[in-house]
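Inspection log for the structure reproduced underneath, given as structure tokens.
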Amino acid sequence: MDRELHAVLRRAAELVRAGVAGDPWVQLHGRLRDPMVVVHPWGDAQSWLVPVTAGDRMVGYVQLNPDLQFMRYVSFQRVRGSLKDTPLAADWLETERIRERAAAFARPDEILDEPVLTYDRYPDRLAWRVQARSTDGGTREIMVAGDMVYEPVQPGDVIGGPGNQGAP
Amino acid sequence: MGKIELQEARRLAGLELNGLAITGAIAVEEIGGARVGARGTTIYDPSGEPLFYRVPLHRGRGRIGFTDVAADEALGEPLLATTYGAAWDETKIKREAMVHARRLRRNLRYTRIRFVAYSYPKVAVQFLHGSEEVLMLEWGSWAKVPPASVGDRHPMEPGNFERWSLLEEMPDRVRRANEESFRARVGAWREATAVRAFRGLDTLRVRPDLVRIRPEMIRLFGSRELHFSGDAGTHHPCYELTGQATSVWCVAASTQMLLAFWRYGYTQDRIAQALGLGTRAHPSGLPYSRVGDVVTQIEALTSHALDATMVVNPGFNVFRDEIDENRPLISFIPGHSRTVAGYYYTILHLPGQLAFRGLLVYDPWPPNTGTIHRYENFNVQTYQYAYHAHLTLV
């Protein structure tokens, strides 16, 4: 791991240890995984995401801005100390799994690029973007957020998005 | 101009030193058992105003160092510096200064001696005849401090060995900000020590036992989550996360969470219908032109049992006050909606560090599952609208 990733991981660990991110259960049982870059739709780095897992489950993640300022700790645990209903870590962290989900949504003639960790229109809506290329030269984006796979629409003057999504 | 009396300064010094030990900024081995001395030396600004107090630190019968505590709110924080190893003995220093003064001027006549921060924080000994200065010697080097020059320089940018007044050169804007910061710090200590266990405690001593039992003794942060009722002592946190059913129904899911807290068990589809957000097959978000609909529908869906309010650009206190009243909020940030069910903020933090303020956010994103943000840094988010509701009582 390079020096920058080490610094990100160290900062996230400090925040968890200090109790600013997570809770005592996360301090005890959570495992910090390798930091990942979240990019803006135009490709620049938007933030650092440090996943927290317990066994094969995704417990949450620490999000830092590029200056390593703490943005938030996001928990998938509905109840403190419980892993019930938490997603599989692979669903959020393994690009092959993300790609498979996108492939199930894609048309037979579409070829998929590598998934990119980004967000759906607004930075708080974390999702993977998979570019799909059809044989006629057309492209479209497929978004994967956990078990939800959909085609995004352009931002409008709307909270949540203008709609027209496909069924999940 | 806010002045601090010596007794209050000593009290603040004791609290600050205990705070530094508690937060680990200074080692307990170094400061543990130290006691803030009963007497302090007033160090004046060249303008003649008291600037800070230099107070000896004792351990047992020995002096282990000294601490400088603000006498003027313009300094921004109560505790200015703490020095170990070098003892502060006012009488001895004055005697030494007199010897050096006689060497410079055999016939020096003066009526009193005081200490002056001639170039803060550098200290000098000032000899006065009545109210007139007759000599000023820098402490330690015993060099004669020249009179203030009327040089052509920017304020607060003195030369290497120059007499200048911190209080007179400080820009008004900085002074006001510092005074505000000082009062906030004193207020934080008032809040931190308001617990019953603090009453009658001798905080002039840095206590290793106080450090050990810190959570019970000092409130380092303020925090609250929604409970079943306002009685947080006997009830568990009481709030449930709901994921948004489509990728654009964050407002519907947020409204569902708020209504569920008040025991209104509407489905997300029903709320989406009321808010005009379409169906699962053809959903849409809420246009900004209709943000007021959230208020209308919360009231309509509860037959006006809930009285809802929308706040534009809400500050942290809006969230804190509502949570303190045991009521959840809906929070709109650019393009997205979530709910807020708690808060956390630091009361005590080290001088120079930013205070942390965070919200406990129940976010319907990602769809179907949702997430809980414990915590979202309030300082790095944009809060556009907040909605809260209270029960209409008869």
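Protein sequence lines correspond, in order, to chains A and B. Going by this note's numbering, the first residue of the first sequence is number 1, and it counts up by one from there. Going by this note's numbering, the first residue of the second sequence is number 1001, and it counts up by one from there. Just so it is clear, CB atoms sit at the ideal spot from N, CA and C, and this is done for glycine as well.
For the segment 66 to 95 of chain A, the continuous beta strand (DSSP E) assignments of 3+ residues that do not extend past its boundaries occur at 70 to 75, in sequence order. If you check the CB distance, A:G146 and B:T1369 come in under 7 Å.
For B:T1067 against B:L1017, the beta-carbon gap comes to about 7 Å, under 8 Å, which counts as contact. Per DSSP, the beta bridge partners of B:Y1343 are B:R1224 and B:L1359. Residue pairing from DSSP places A:I111 in a beta bridge opposite A:R133. The segment 1048 to 1063 of chain B and the segment 1027 to 1037 of chain B touch, with no fewer than 3 CB-CB distances between them shorter than 8 Å. Of the candidates B:D1202, B:I1064 and B:D1072, the residue whose Cα lies closest to the Cα of B:L1051 is B:D1072. Interface annotation, B:L1241: in contact with chain A, CB-CB separation under 7 Å. Per the Cβ contact rule, the segment 69 to 80 of chain A is in contact with the segment 1371 to 1388 of chain B (3 or more Cβ pairs under 8 Å).
Rounded to the nearest angstrom, the gap between the Cα atoms of B:T1267 and B:G1233 is 32 Å. Exclusion of the five residues before and after A:D109 leaves S134 and T135 as the residues of its chain whose Cβ lies within less than 6 Å of its Cβ. Of all residues in the segment 1369 to 1380 of chain B, only T1369, T1371, I1372, H1373, R1374, Y1375, E1376, N1377 and V1380 come within less than 7 Å of chain A when Cβ atoms are compared, listed by chain position. Residue environment analysis places B:M1156 among the exposed positions, since fewer than 16 neighbouring C-beta atoms fall within 10 angstroms of its C-beta.
Membership of B:I1093 in the alpha helix (DSSP H) is indicated by the continuous run E1090 to L1104. Judged by DSSP secondary structure, A:S47 falls within the beta strand (DSSP E) whose first and last residues are A45 to A54.
Take the alpha-carbon of B:G1151 and the one of B:E1162: they are about 10 Å apart.
Chain B has a Cβ within less than 7 Å of the Cβ of A:G160. In the DSSP assignment, A:H6 falls within the unbroken alpha helix (DSSP H) covering R3 to R17. Ranked by how close their Cα comes to the Cα of B:G1243, the residues B:S1337, B:A1188 and B:S1303 have B:S1337 in first place. B:H1236 counts as exposed, since fewer than 16 other C-beta atoms from the protein chains shown sit within 10 angstroms of its C-beta. Secondary structure at A:F105: helix, using DSSP grouped into helix, strand and coil. With contacts defined by Cβ atoms closer than 7 Å, B:G1285 and A:G160 form a contacting pair. Judged by DSSP secondary structure, B:R1063 falls outside any alpha helix (DSSP H) and instead within the beta strand (DSSP E) spanning G1062 to A1070.
The Cβ-Cβ distance between B:N1379 and B:G1358 does not fall below 7 Å. A:R140 is bridged by DSSP to A:A132. Separation of B:L1204 and B:T1246 (C-alpha to C-alpha, rounded to the nearest whole angstrom) is 60 Å. A distance below 8 Å between beta-carbons, with the five flanking residues on each side excluded, links A:V39 to the following residues of its chain, in chain order: A45, Q46, V116, L117 and T118. In the DSSP secondary-structure assignment, B:T1083 is bridged to B:F1066. According to the DSSP assignment, B:M1257 belongs to the alpha helix (DSSP H) that extends over C1250 to F1261. In this structure, the alpha-carbon of A:Q63 lies about 45 Å from that of B:S1119. Beta-carbon to beta-carbon, B:L1104 and B:F1127 are separated by about 10 Å, too far to satisfy the 8 Å threshold.
Excluding the 5 residues flanking it on each side, B:R1063 has same chain C-beta neighbours closer than 6 Å at P1056 and A1087, in chain order. Per DSSP, the continuous alpha helix (DSSP H) segment holding B:V1318 begins and ends at F1316 to D1324. Fewer than three beta-carbon pairs drawn from the segment 101 to 108 of chain A and the segment 48 to 58 of chain A are found closer than 8 Å, and the two stretches are therefore not classed as touching.
The shortest C-alpha to C-alpha distance from B:L1393 to any of B:L1306, B:M1098 and B:G1076 is the one to B:L1306. B:V1099 has its alpha-carbon roughly 56 Å from the corresponding atom of A:D67.
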